[in-house]
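Peer 1:
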Amino acid sequence: MPVQPANQMGQTALHIAIERRCKDYVELLVQKGADVHAQAKGRFFQPKDEGGCFYFGELPLSLAACTKQDDIVDYLTENVYNKADLCRQDSRGNTVLHALVAIADNTEETTTFVTKMYDRLVVKCAKLNKECRLETILNNDKMSPLMMAAQLGKIDIFQHIIQLEIKDEEAQHLSRKFRDWNYGPLHSSLYDLATLDTYEDGDSVLEILVYKSTAKNRHEMLAVEPINELLKEKWKKFGAVFFYLSFFAYLFLMIIFTLISYYRPMEGTPPYPYRTTTDHLRLVGEIIILLTGIVFLIGNMKDLIMKKYPGVYSLFTDGCFQLLNFIYSVLVIITATLYLAGIEAYLAVMVIALVLGWINALYFTRGLKLTGMYSVMLQKVLFKDLFRFLLVYLLFMVGYASALVSLLNPCTNEMICNDGQENCTVSENPSCQHSTTFISLLLNLFTLTIGMGDLEVISHAKYPAVFIVLLVTYLIITFVLLLNMLIALMGETVGEVSKESKQIWQLQWATTILDIERYLPACMRKAFRSGEAVFIGPKDERWCFRVDEVNWSHWKQDIATIKEDPGKNNLQRDRPLVGKHKADQHSEDEKLLPEKDPQA
Numbered sequence: 001m002p003v004q005p006a007n008q009m010g011q012t013a014l015h016i017a018i019e020r021r022c023k024d025y026v027e028l029l030v031q032k033g034a035d036v037h038a039q040a041k042g043r044f045f046q047p048k049d050e051g052g053c054f055y056f057g058e059l060p061l062s063l064a065a066c067t068k069q070d071d072i073v074d075y076l077t078e079n080v081y082n083k084a085d086l087c088r089q090d091s092r093g094n095t096v097l098h099a100l101v102a103i104a105d106n107t108e109e110t111t112t113f114v115t116k117m118y119d120r121l122v123v124k125c126a127k128l129n130k131e132c133r134l135e136t137i138l139n140n141d142k143m144s145p146l147m148m149a150a151q152l153g154k155i156d157i158f159q160h161i162i163q164l165e166i167k168d169e170e171a172q173h174l175s176r177k178f179r180d181w182n183y184g185p186l187h188s189s190l191y192d193l194a195t196l197d198t199y200e201d202g203d204s205v206l207e208i209l210v211y212k213s214t215a216k217n218r219h220e221m222l223a224v225e226p227i228n229e230l231l232k233e234k235w236k237k238f239g240a241v242f243f244y245l246s247f248f249a250y251l252f253l254m255i256i257f258t259l260i261s262y263y264r265p266m267e268g269t270p271p272y273p274y275r276t277t278t279d280h281l282r283l284v285g286e287i288i289i290l291l292t293g294i295v296f297l298i299g300n301m302k303d304l305i306m307k308k309y310p311g312v313y314s315l316f317t318d319g320c321f322q323l324l325n326f327i328y329s330v331l332v333i334i335t336a337t338l339y340l341a342g343i344e345a346y347l348a349v350m351v352i353a354l355v356l357g358w359i360n361a362l363y364f365t366r367g368l369k370l371t372g373m374y375s376v377m378l379q380k381v382l383f384k385d386l387f388r389f390l391l392v393y394l395l396f397m398v399g400y401a402s403a404l405v406s407l408l409n410p411c412t413n414e415m416i417c418n419d420g421q422e423n424c425t426v427s428e429n430p431s432c433q434h435s436t437t438f439i440s441l442l443l444n445l446f447t448l449t450i451g452m453g454d455l456e457v458i459s460h461a462k463y464p465a466v467f468i469v470l471l472v473t474y475l476i477i478t479f480v481l482l483l484n485m486l487i488a489l490m491g492e493t494v495g496e497v498s499k500e501s502k503q504i505w506q507l508q509w510a511t512t513i514l515d516i517e518r519y520l521p522a523c524m525r526k527a528f529r530s531g532e533a534v535f536i537g538p539k540d541e542r543w544c545f546r547v548d549e550v551n552w553s554h555w556k557q558d559i560a561t562i563k564e565d566p567g568k569n570n571l572q573r574d575r576p577l578v579g580k581h582k583a584d585q586h587s588e589d590e591k592l593l594p595e596k597d598p599q600a
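Okay, so the sequence shown: first residue is 1 according to the UniProt record's numbering, each after it adds one.
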């Protein structure tokens, strides 16, 4: 009977026997009719980020697989009493493969047993249940085990799945990597692009890594083959051309914005009349700026609705240009609204939008590795070190300004009259206590911090000695301590970022490629599709991507048996099988892979 406490709800005696590694009791329970698909849903069995302790997939088979018990896995799936279904899903929709991905922690020991168990289960499922493709089953989040590994940043199991080569003949069709030919240490491999590339409908692994994953090591996962070479191929085919065209178009747009701002009418109230040729050119420029602002806003809103942005952390570490672009487009629309409403304050909003527009041009620095890495460093320093410094500095400045303004003598409110009693004004002494004194003192403290202020206000303090002590301590803390700490932290950040700036830049570069691809029409996306059609076997057509790799250590080990004939391979490209009799031929071209070829 299942144990019912909330922490262990759903746990059965079979779960306990598996956890205790008691195979004899497992066999006895299964023989007596124990439920091999019982789901342990208690709070204890939930993921750690949800308040649980150990998530193993809820099912007894998943528990045995996640605790490295091969013999119990074999018994549960092969016994004659009550076999466990390898394709069974838990309450989250996860299979045993999803559970293995969930417990992977990128350590060498765990990776070794998880990858071996993964291969074991894939092959076993191919033999016991040929109708079920275990590795393609999606959970409730519409993710396969490969997608889940990409989402969670499990790079070791991710690399293993994406480069899966199965030697067992009955399950070779489940491989994702096929060795085509070898020549010396060079070997050419074909990688299955199913669920990897963005061409297919639904989320792809590339989109998950670039847009949805919050893992800190996702830039490392983009360097795994074939993703690395696939991105390079996309950049060569269409990314570079469209990127540089976008750069020149944006540069032209900002020049137009600058010209219409500089040559705006100085007299009258908006909207200004359009009489001369110059005025009509300005009107055309204003329409262009407004339309592009609307297009930018729609594009950003579309990305936001589609949840293309992975979160605040990734936004401020991988690039803030989407945020700047969004603010820029909103300010442009506000500027146009104020202008048409006849409000002169449109100018204040317009100049802020103009500055943001030029700053956002830094987005195009990611097109080159040198400037792209510099842009990464700049963003890190701005949002990591400078932000923290300004937060602490603001607290000190407000605190000292509040204390210092309290020491000033109150203003006398003396009346100064010109031409009799009709034109009288109150004299404002910036060094006395007034309604605007606090703001003025904040500005004075800031100028003192950067070495440009003066100390005239001391003479108007009620207790000059106390005033001087507070002012000196403020200067020591801000000018000497905080500023030097900022410089030291900036140097440390630049040193740290320089070690991984290339990888972070590569992530931004990948984002740029996918952004360009998403806005291409379907016909162009089809024309620029990377890869080639390959028949792995009869009626088994795959879209694969070729990667040529060099492996000296592997070549030295197998130099006696290496296959050095790139001209004769068993993979058929773009050649469909014609007629049913083709499937009955036992030619070399229609075998899955050579039977006795350690390199294949």
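Here a beta-carbon is modelled for each residue, glycine too, at the ideal position from N, C-alpha and C.
Who are V550's beta bridge partners in DSSP?
Peer 2: Translated into positions along the sequence shown, residue 550 becomes position 550. Paired residues: L186.
Peer 1: Along the chain, where does the beta strand (DSSP E) containing A215 start, and where does it finish?
Peer 2: Working through the sequence shown from its first residue, we reach residue 215 at position 215. Unbroken run through A215: none, as it is neither H nor E.
Peer 1: If you check the beta carbons only, do I450 and F396 fall under 8 Å apart?
Peer 2: If you number the sequence shown from 1, residue 450 lands on position 450. If you number the sequence shown from 1, residue 396 lands on position 396. No; because the gap between Cβ atoms is not below 8 Å, this pair is not in contact.
Peer 1: Is K462 helix, strand or coil by DSSP?
Peer 2: Here residue 462 is taken as the residue at index 462 of the sequence shown, counted from 1. Three-state result, K462: coil.
Peer 1: Of all the options L483, I162 and Y81, which has the alpha carbon lying nearest to the alpha carbon of R388?
Peer 2: Translated into the one-based positions of the sequence shown, residue 388 becomes position 388. Among L483, I162 and Y81, the Cα nearest to that of R388 is on L483.
Peer 1: So what does DSSP say about Y328, is it helix, strand or coil?
Peer 2: For the purposes of this step, residue 328 is identified with residue 328 of the sequence shown, where counting begins at 1. Reduced to three states, the DSSP call for Y328 is helix.
Peer 1: Just how far apart, CA to CA, sit I439 and A361?
Peer 2: Walking along the sequence shown from the start, residue 439 turns up at place 439. Walking along the sequence shown from the start, residue 361 turns up at place 361. Going from the Cα of I439 to the Cα of A361 covers about 34 Å.
Peer 1: Counting Cβ pairs, one atom from each stretch, are 3 or more of them under 8 Å apart for the stretch 459 to 472 and the stretch 179 to 195?
Peer 2: These segments do not touch.
Peer 1: Expressed to the nearest angstrom, what Euclidean distance is found between the alpha-carbon atoms of S204 and C523?
Peer 2: In the sequence shown, counting from the first residue as 1, residue 204 sits at position 204. In the sequence shown, counting from the first residue as 1, residue 523 sits at position 523. Their backbone Cα atoms lie some 19 Å apart in a straight line.
Peer 1: Just the Cα atoms here: how many angstroms apart are L186 and A223?
Peer 2: Translated into the one-based positions of the sequence shown, residue 186 becomes position 186. Translated into the one-based positions of the sequence shown, residue 223 becomes position 223. Distance between the alpha carbons of L186 and A223 is about 19 Å.
Peer 1: Give a yes or no on contact between the stretch 94 to 112 and the stretch 155 to 174, applying the rule of three or more CB pairs nearer than 8 Å.
Peer 2: Because the criterion of three Cβ pairs below 8 Å is met, the stretch 94 to 112 and the stretch 155 to 174 touch.
Peer 1: On a CA-only basis, which of K232, A104 and D24 is nearest F56? Give me that one, please.
Peer 2: Reading the sequence shown from its first residue, position 56 is the one you call residue 56. Closest option to F56, Cα to Cα, is A104.
Peer 1: Taking residue 643 as the reference, give the member of S188, L209, S189 and G184 with the closest Cα.
Peer 2: Because the chain spans 1 through 600 in this model, residue 643 falls outside it and cannot be assessed.
Peer 1: DSSP puts L408 in a beta bridge; with which residues?
Peer 2: As a first step, residue 408 must be located in the sequence shown, where it is residue number 408. Paired residue(s): A461.
Peer 1: Since G495 is in the alpha helix (DSSP H), which residue starts that stretch and which ends it?
Peer 2: By one-based count along the sequence shown, residue 495 stands at place 495. Segment L483 to R518, the alpha helix (DSSP H) holding G495.
Peer 1: Rounded to the nearest angstrom, how far is the Cβ of F238 from that of F545, given a contact under 8 Å?
Peer 2: The residue you call residue 238 lines up with position 238 of the sequence shown. The residue you call residue 545 lines up with position 545 of the sequence shown. Their Cβ separation, rounded to whole angstroms, is 16 Å, which puts F238 and F545 out of contact at 8 Å.
Peer 1: Mind checking whether D119 and I72 have CB atoms under 8 Å apart?
Peer 2: Locating residue 119 in the sequence shown gives position 119, where the first residue counts as 1. Locating residue 72 in the sequence shown gives position 72, where the first residue counts as 1. It is not a contact, given that the beta carbons lie outside the stated cut-off.
Peer 1: Taking DSSP as the reference, what is the three-state secondary structure of Q163?
Peer 2: Position 163 of the sequence shown, counted from the first residue, corresponds to residue 163. Here Q163 sits in coil by DSSP.
Peer 1: Once DSSP output is grouped into helix, strand and coil, what is the label at I450?
Peer 2: As a working note, residue 450 is residue 450 in the sequence shown. I450 falls in the coil class under three-state DSSP.
Peer 1: Would DSSP call Y540 helix, strand or coil?
Peer 2: Locating residue 540 in the sequence shown gives position 540, counting from the first residue. A small correction: the amino acid at residue 540 is Asp; Tyr does not occupy that position in the sequence shown. DSSP places D540 in strand when its eight states are reduced to three.
Peer 1: Between V547 and the rest of its own chain, which residues show a CB-CB distance below 7 Å, the 5 nearest in sequence each way excluded?
Peer 2: Locating residue 547 in the sequence shown gives position 547, where the first residue counts as 1. Result list for V547: S189, Y191, E225, P226 and E229, in chain order.
Peer 1: Which of helix, strand or coil does DSSP assign to E131?
Peer 2: Against the sequence shown, residue 131 aligns to sequence position 131. Note: E131 maps to coil in three-state DSSP.
Peer 1: Just curious, the alpha helix (DSSP H) that C523 is in, first and last residue?
Peer 2: For this step, residue 523 is matched to residue 523 along the sequence shown. Looking at the DSSP string, the run of the alpha helix (DSSP H) that includes C523 is A522 to A527.
Peer 1: Which class does Q151 belong to by DSSP, given the choice of helix, strand or coil?
Peer 2: Working through the sequence shown from its first residue, we reach residue 151 at position 151. Helix, per DSSP.
Peer 1: Do V349 and I327 have their CB atoms nearer than 8 Å?
Peer 2: As a working note, residue 349 is residue 349 in the sequence shown. As a working note, residue 327 is residue 327 in the sequence shown. No, Cβ-Cβ distance for V349 and I327 is not below 8 Å.
Peer 1: Could you check what DSSP says for K177 in three-state terms: helix, strand or coil?
Peer 2: Taking the sequence shown and counting its residues from 1, the one referred to as residue 177 is at position 177. Three-state DSSP puts K177 in a strand.
Peer 1: Please state the DSSP three-state secondary structure of M373.
Peer 2: By 1-based counting over the sequence shown, the position of residue 373 is 373. It is helical.
Peer 1: Answer with buried or exposed for T365, where buried requires no fewer than 16 other C-beta atoms within 10 angstroms of its C-beta.
Peer 2: In the sequence shown, counting from the first residue as 1, residue 365 sits at position 365. That one is buried.
Peer 1: According to DSSP, is D203 helix, strand or coil?
Peer 2: Here residue 203 corresponds to residue number 203 of the sequence shown, with the count starting at 1. In this structure, D203 counts as coil in the three-state DSSP scheme.
Peer 1: What do you get for C125, buried or exposed, if any count of 16 or more other CB atoms within 10 angstroms of its CB means buried?
Peer 2: Here residue 125 corresponds to residue number 125 of the sequence shown, with the count starting at 1. It is buried - the Cβ of C125 has at least 16 other Cβ atoms within 10 Å.
Peer 1: Pick helix, strand or coil for V36, following the three-state DSSP scheme.
Peer 2: Residue numbering aside, residue 36 sits at position 36 when the sequence shown is read from its first letter. Looking at V36 - three-state DSSP - the assignment turns out to be coil, as it is neither helix nor strand.
Peer 1: Report back the beta-carbon spacing between L514 and L206 to the nearest angstrom; my notes put them in contact at under 8 Å.
Peer 2: For this step, residue 514 is matched to residue 514 along the sequence shown. For this step, residue 206 is matched to residue 206 along the sequence shown. Rounded, the Cβ-Cβ distance is 7 Å, consistent with contact.
Peer 1: Run the CB neighbour count on Q31, radius 10 Å, all protein chains shown included, and call it buried at 16 or more, exposed below.
Peer 2: Numbered from 1 along the sequence shown, position 31 holds the residue referred to as residue 31. Exposed, because fewer than 16 other Cβ atoms sit within 10 Å of the Cβ of Q31.
Peer 1: Going along the chain, which residues of its own chain have a beta-carbon closer than 7 Å to the beta-carbon of A215, five neighbours each way excluded?
Peer 2: Taking the sequence shown and counting its residues from 1, one reaches residue 215 at position 215. Hits under 7 Å: L152 and G153.
Peer 1: Leaving aside the five residues before and after R518 along the sequence, list all residues of the same chain whose C-beta is less than 6 Å from its C-beta, in chain order.
Peer 2: Here residue 518 is taken as the residue at index 518 of the sequence shown, counted from 1. Excluding sequence neighbours, R518 sits near nothing in its chain.
Peer 1: Cutting at 6 Å between CB atoms, please list the residues of its own chain near D385, excluding the five before and the five after it.
Peer 2: Counting from one through the sequence shown, the residue named residue 385 turns up at place 385. So the list reads L489, M490 and T493, once near-sequence residues are dropped.
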